[in-house]
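Below you'll find the structure, written out as C-alpha cells, and then a few comments.
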Amino acid sequence: MKTKDEHILDQSVQFLKSVGPKRAELFRKVGIESIKDMLMYFPSRHLDRSSTLTAAKAYGYVMNGYEGEITVIGKVFDKEKRTFGRKDVLKVSFRDEGGFFECVWFHGIKYFYDVFDEGDIFALSGKPSISKFGQLQFVHPDFDRITEDESQNFLNTGKIIPFYRIPKELKEKNVGEFSLRRIISNAVELYADYFEESLPAEIISAHNLMPLKDAVKNMHFPASKQKYEAALQRFKFEEIFYLEILIALRKHNYKTKLAGHSMLIKSKLIKEFLKTLPFDLTAAQLKVLSEIRKNMEAPEPMNRLLQGDVGCGKTIVALIAMLIAIDNGFQAALMAPTEILADQHAKNISSMISRISSKKIKVALLVGGQSKSEREKYLEEIELQEADIIIGTHALFEEKVKFRNLALIVIDEQQRFGVEQRAKLIGKGITPDVLVMSATPIPRTLSLTVYGDLDISIIDEMPKNRIPIKTYLRKEKKLPEIYEFIKQKTKENYQAFIVYPLVAESDKLELKAAETYYNELKESYFKELNVGLLHGRMSWQEKEAIMFQFLQKKFEVLIATTVIEVGIDIPDANIMLINDAQRFGLSQLHQLRGRIGRTFKQAYCILVTKDELAEANNKNKFNLEYLSPSQLEQYKAAIRLHTMVKYNDGFKIAEIDLKLRGPGDIFGTKQSGFPELKFIDLIRDVNIIVNAKKAAFKIIETDPKLESNSNKPIRKNLLEHYSGSFKYAKIA
Numbered sequence: 136m137k138t139k140d141e142h143i144l145d146q147s148v149q150f151l152k153s154v155g156p157k158r159a160e161l162f163r164k165v166g167i168e169s170i171k172d173m174l175m176y177f178p179s180r181h182l183d184r185s186s187t188l189t190a191a192k193a194y195g196y197v198m199n200g201y202e203g204e205i206t207v208i209g210k211v212f213d214k215e216k217r218t219f220g221r222k223d224v225l226k227v228s229f230r231d232e233g234g235f236f237e238c239v240w241f242h243g244i245k246y247f248y249d250v251f252d253e254g255d256i257f258a259l260s261g262k263p264s265i266s267k268f269g270q271l272q273f274v275h276p277d278f279d280r281i282t283e284d285e286s287q288n289f290l291n292t293g294k295i296i297p298f299y300r301i302p303k304e305l306k307e308k309n310v311g312e313f314s315l316r317r318i319i320s321n322a323v324e325l326y327a328d329y330f331e332e333s334l335p336a337e338i339i340s341a342h343n344l345m346p347l348k349d350a351v352k353n354m355h356f357p358a359s360k361q362k363y364e365a366a367l368q369r370f371k372f373e374e375i376f377y378l379e380i381l382i383a384l385r386k387h388n389y390k391t392k393l394a395g396h397s398m399l400i401k402s403k404l405i406k407e408f409l410k411t412l413p414f415d416l417t418a419a420q421l422k423v424l425s426e427i428r429k430n431m432e433a434p435e436p437m438n439r440l441l442q443g444d445v446g447c448g449k450t451i452v453a454l455i456a457m458l459i460a461i462d463n464g465f466q467a468a469l470m471a472p473t474e475i476l477a478d479q480h481a482k483n484i485s486s487m488i489s490r491i492s493s494k495k496i497k498v499a500l501l502v503g504g505q506s507k508s509e510r511e512k513y514l515e516e517i518e519l520q521e522a523d524i525i526i527g528t529h530a531l532f533e534e535k536v537k538f539r540n541l542a543l544i545v546i547d548e549q550q551r552f553g554v555e556q557r558a559k560l561i562g563k564g565i566t567p568d569v570l571v572m573s574a575t576p577i578p579r580t581l582s583l584t585v586y587g588d589l590d591i592s593i594i595d596e597m598p599k600n601r602i603p604i605k606t607y608l609r610k611e612k613k614l615p616e617i618y619e620f621i622k623q624k625t626k627e628n629y630q631a632f633i634v635y636p637l638v639a640e641s642d643k644l645e646l647k648a649a650e651t652y653y654n655e656l657k658e659s660y661f662k663e664l665n666v667g668l669l670h671g672r673m674s675w676q677e678k679e680a681i682m683f684q685f686l687q688k689k690f691e692v693l694i695a696t697t698v699i700e701v702g703i704d705i706p707d708a709n710i711m712l713i714n715d716a717q718r719f720g721l722s723q724l725h726q727l728r729g730r731i732g733r734t735f736k737q738a739y740c741i742l743v744t745k746d747e748l749a750e751a752n753n754k755n756k757f758n759l760e761y762l763s764p765s766q767l768e769q770y771k772a773a774i775r776l777h778t779m780v781k782y783n784d785g786f787k788i789a790e791i792d793l794k795l796r797g798p799g800d801i802f803g804t805k806q807s808g809f810p811e812l813k814f815i816d817l818i819r820d821v822n823i824i825v826n827a828k829k830a831a832f833k834i835i836e837t838d839p840k841l842e843s844n845s846n847k848p849i850r851k852n853l854l855e856h857y858s859g860s861f862k863y864a865k866i867a
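Be aware that the sequence shown starts at 136, since it is given in the working numbering, and climbs by one per residue.
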C-alpha cells in the first residue's frame, strides 16, 4: 500500500509550475511522467563556486606554476576559424571583469562554432595555459551556458549550479537548460519532503548514509561539494544494494529450494583418464578441480563459474567434471556457441575418452545442418541414455531433445547465451549441476554483481613452456614487409592466420573483404604458398573441413573472418595478422590472439590499422562529451589497439574493456533482466559494492522472506520497483 505522501509524488508532472498538459506530454515522451520522475531526473554535472576564478586571477595562477583545473565565467566576445596547413582551428575569445581569455578547439570545429554566439555567457573549465601571444588559454575545455542572473548569483553567493542533459525532444520544443532548471527547482522545493525512506534505518545508520529526502535535494542543489558527494554515495549504495538483494535471493533459492545430486568419485575412471593425458595438469587446474569436486559431492546443486584466459585448459577441467557425473550413472551436456566449436569439442573429447578401457563412453552431437536420420539417431540415444556426453549448440534446449538423466551442464563461452537460453537447458534436467565457462576474464566488480550468485573458480596459470605472444601495431603501408615476414617464417614450419572483418565488399564501411584479398594474395605475395579461405557464409561442415586441412598443413596461410575467434587449436599457427584492427572490440582481439601461442614456439600477433591510429597516443586526453561519434570511436579504437600491444593479461584487458564499453555491452546483461546501473561505477566503487553485498546477503541469510519490521521497506521497494527483475533473480 502506498501512503498519502507517495501518491502525491505519483501525480502527473503537469501539476508542476511552468509545465501544464502540453509540456507534460512532451516530458512523457522522454520518460518523465510523474513528479517523482522529475525529482529523480538528476543533473549530469554541477558548476562549483570553489573552483571559479576571474581571468586575471587565473592568469596569475598559471604564471605561478599552477597546473590543476579551474573554472572561469566569461561572455563571448569574438570567434574565428583559421586554417594552419591541413588543420582547422577554432578560437573563441571571452571577457569578464578581470580581462580577456580564449578557448581553442582542434576537433569538431563546425559543431563548436555554432555553440558560441556573441554575448552568451559560459562557464568554462579545464587546465589553463599561456599562449605564445601571452593570452590565458584553454584547449578543448568543458563548458556550460548560463544566464546573466545565474552568473551574478553564482559569483556573489557561491551557489552550486546543476546542469541537466536535455533530450532532443525537449530542445526541439524550446525547453532548454534554463527552463528545465527552473521547473526542477520548484519541484524540489515543494515535493522533495514527500519521499518515504526506502532503506531500513539500521542500514542507513551502519553505513552512514544520507536520508533519502536530503539526498534528493542535494543531488540537485547541493549545499556544498561534500553534501553532493554524500547524496551520490547514498544513491550508489542503494542501487547496488537492491541488485545484491536480487542476487542473494537467487542464490538462496537455488541452494535451498532445489535438491541436487550428490556425485562421488566411485571408481578408477578419473584416475585412469588422467594417466592417459600426455601432460600433467597445472596447479591451478588441480585447485579448480578440487573446488568443483566438493560442489558435486554436496547435495545442493552446483552453480559455478570457471574463468581463465584463452588456452589455460578450462575444457579438460570441464571434461573431468563430466566424467564424474558419468561415473555416477548420469548424463552430462556441453553447450557451445557455434557449430564448428561444438563439432571440435565432440571430436576432441571423443578422441580423449577413447583411451579409457574400463568404461565405454559415448558422445552425441546436436547441431544445425545435420541430416534427419543422423539427428533422430542422436535424439534416441540421448533419451535412452545410450549417449553419456551430449554436445551441441542452442539445439540442445529444443523441445524434441529429451534427456533421461541429465545431472551436469557445462556452458562454454557463457556470455554468448542469454539467461533464458541457459534456463531452458537447465530445465532439461532435474536440478542439474551447472558449470559455466568464460575465456573473457571477468573484473572483480562484475564477479560481485553480474555473477554474484555463482561460486567462482579461476585458472590463473598457463601450461608450462608457453612463451608470451609478441604483439605489434603496424601501419597499412607496412603490409608488404609483414607478408615477407610471414613467408620467411613458413620456412620454420610456422602457419599464419590473416583475418579480415567482412566477407563481401561494403562501400559503406570500406573494409577489406576476405574473398577479395584471398584472390589477390594467393596470386601475388603468397603465390609460392598454399592459401586457404574460411568465412562465416560457409556451412559448419565446410568450416570444419577447412580447419582440418589447416591442421594437417595443407595450407601455410589461412585467410579468414572472425569465425576463427573461438576454440580452434592449430599448434603451428603462430602468426596472427589482423587487418582493420580498429574495427574489432578488445574482447574479440584478445580472443583472436588466443588462437596462437599454444606451443613452445614464439608467436606473433600483428595489428594493422590506419596510419593515424597506429601513431595515436592513447594517453591523449579529450573532452569525450563533445567529440563527434566518429572522433569518439577513433579515440576508443586507439586505446584498444595500444592496450593489446601493452598487455597479454586477459584480466587487465577486461578491466579496460569494461571502462570503454560498460557491463551491459560486455556481458549481455541488458538482455537478461539485469537492472540498469545509473550511479555506481563498477571500476572505482569496489568498496561500496563489497559493503552493499555483505549487507544484502546477511539480510537474505537471516530473513529470506523479508518479513521482519526492519526489512519491510526492502520488501515494499522490491515489489514496487524491481518486480521486472524477479525472473532474473530466479534463473541461474
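Positions of the beta carbon are idealized from the N, C-alpha and C atoms, including for glycine.
Have a look at Ala708 and Gly732 and give me their C-alpha separation to the nearest angstrom. Distance between Ala708 and Gly732, taken at the CA atoms: about 8 Å.
Who are the Cβ neighbours of Gln149 in its own chain at under 8 Å, not counting the five residues just before and after it? Spatial neighbours of Gln149 in its own chain (CB-CB distance under 8 Å, excluding positions within 5 residues in sequence) are listed in chain order as Gly155, Pro156, Arg158 and Ala159.
Using the Cα positions of Ser340 and Phe632, report the straight-line distance between them to the nearest angstrom. Each residue's alpha carbon lies about 59 Å from the other.
Inter-residue spacing [alpha-carbon to alpha-carbon] between Phe356 and Ala477: Roughly 57 Å between the two C-alpha positions.
Which residues in the same chain as Gln272 place their Cβ atom closer than 8 Å to its Cβ, once the five residues preceding and following it in sequence are excluded? Taken in chain order, the residues that qualify are Phe236, Glu237, Cys238, Val239, Pro263, Ser264, Ile265 and Ser266.
8 Å Cβ cutoff met for Ile681 and Gly667: With respect to Gly667, Ile681 sits close: the two C-beta atoms are nearer than 8 Å.
Over the uninterrupted beta strand (DSSP E) stretch that includes Ile375, give me the two end residues. Ile375: not part of any beta strand (DSSP E); member of the alpha helix (DSSP H) spanning Lys360 to Thr391, first to last residue.
Taking Asn826 as part of the alpha helix (DSSP H), name the residues at either end of that continuous run. Unbroken alpha helix (DSSP H) run through Asn826: Val821 to Thr837.
Considering only the beta carbon of each residue, do Leu404 and Arg369 sit closer than 8 Å? For Leu404 and Arg369, no; Cβs fall outside 8 Å.
Is Leu854 buried or exposed, if buried means 16 or more other CB atoms sit within 10 Å of its CB? Per the 10 Å Cβ criterion, exposed.
To the nearest angstrom, report how far apart Gly527 and Lys612 are at their CA atoms. Each residue's alpha carbon lies about 43 Å from the other.
In the DSSP assignment, what are the bridge partners of Cys238? According to DSSP, which records beta bridges pairwise, Cys238 is partnered with Val227 and Phe273.
Assign Phe661 to one of two classes, buried (16 or more other C-beta atoms within 10 Å of its C-beta) or exposed (fewer than that). Label assigned to Phe661: buried.
Whole angstroms is fine: what's the gap from Leu174's alpha carbon to Ser153's? Computed Cα separation, rounded: 15 Å.
Using C-beta distances below 7 Å, list every residue in its chain close to Gln146, excluding the 5 sequence neighbours before and after it, in chain order. Only residues of its own chain outside the window of five on either side were considered, and among them Ser169 and Ile170 have a CB closer than 7 Å to the CB of Gln146, listed in chain order.
Pick out whichever of Ser320, Asn844 and Arg819 has its Cα sitting closest to the Cα of Lys371. Of Ser320, Asn844 and Arg819, the residue nearest in Cα terms is Arg819.
Can you give me the C-alpha to C-alpha distance between Lys386 and Ala456, rounded to a whole angstrom? So the two alpha carbons sit approximately 22 Å from each other.
Host beta strand (DSSP E) of Asn709 (start-end): Looking at the DSSP string, the run of the beta strand (DSSP E) that includes Asn709 is Ala708 to Ile713.
Is Asn753 helix, strand or coil when you go by DSSP? Caution is warranted here: a pLDDT of 41 is assigned to Asn753, below 50, making its placement in the model unreliable, and the coordinate value is therefore given only provisionally. Residue state, collapsed to three classes: coil.
Around the Cβ of Thr436, are there at least 16 other Cβ atoms within 10 angstroms (buried) or fewer (exposed)? The residue asked about is misnamed: residue 436 is Pro in this sequence, not Thr. It is buried - the Cβ of Pro436 has at least 16 other Cβ atoms within 10 Å.
Where Ala366 and Ile823 are concerned, what is the direct C-alpha to C-alpha distance, given to the nearest angstrom? So the alpha carbons of these two residues sit roughly 14 Å apart.
Collapsed DSSP secondary structure at Arg439 in the structure displayed: Strand.
Alpha carbon to alpha carbon, what distance is there between Gly234 and Ile281? Gly234 has its alpha-carbon roughly 19 Å from the corresponding atom of Ile281.
Can at least three beta-carbon pairs, one atom from the stretch 513-525 and one from the stretch 484-503, be found at a separation below 8 Å? Three or more Cβ pairs drawn from the stretch 513-525 and the stretch 484-503 lie within less than 8 Å of each other, which places the two stretches in contact.
The alpha helix (DSSP H) enclosing Ala336, as first and last residue numbers: It spans Ala336 to Ala341 - the alpha helix (DSSP H) in which Ala336 sits, taken as one unbroken run.
Between Arg850 and Asp462, what straight-line distance do the alpha-carbon atoms span, to the nearest angstrom? The straight-line gap separating the alpha-carbon atoms of Arg850 and Asp462 is approximately 44 Å.
Distance, Cα to Cα, Ile602 vs Glu655? Rounded to the nearest angstrom, the two C-alpha atoms are 33 Å apart.
Looking at the secondary structure, which residues open and close the beta strand (DSSP E) in which Lys216 lies? Ile205 to Phe219 is the extent of the beta strand (DSSP E) around Lys216.
Below-8 Å beta-carbon distance, Lys494 vs any chain B residue: Looking at the structure shown, chain B is missing, and only one protein chain is on hand.
Can you grab the Cα-Cα spacing for the pair Gly803 / Glu811, in whole Å? Residue placement at Gly803 cannot be trusted, given a pLDDT of 48 that sits under 50; what the coordinates show is reported in the next sentence. Going from the Cα of Gly803 to the Cα of Glu811 covers about 12 Å.
If you follow the beta strand (DSSP E) that Leu454 is part of, which residue opens it and which one closes it? Element bounds for Leu454: not the beta strand (DSSP E) but the alpha helix (DSSP H), Lys449 to Asp462.
Spatial distance of Gln466 from Ala460 (CA atoms): Rounded to the nearest angstrom, the two C-alpha atoms are 7 Å apart.
Would Leu144 be called buried (16 or more neighbouring beta carbons within 10 Å of its own) or exposed? Burial call: buried.
Under a three-way DSSP split, which group does Thr417 fall into? Correct three-state label for Thr417: coil.
Please state whether DSSP places Tyr607 in a helix, a strand or coil. Strand.
According to DSSP, simplified to helix, strand and coil, what is Phe268? Secondary structure at Phe268: coil, using DSSP grouped into helix, strand and coil.
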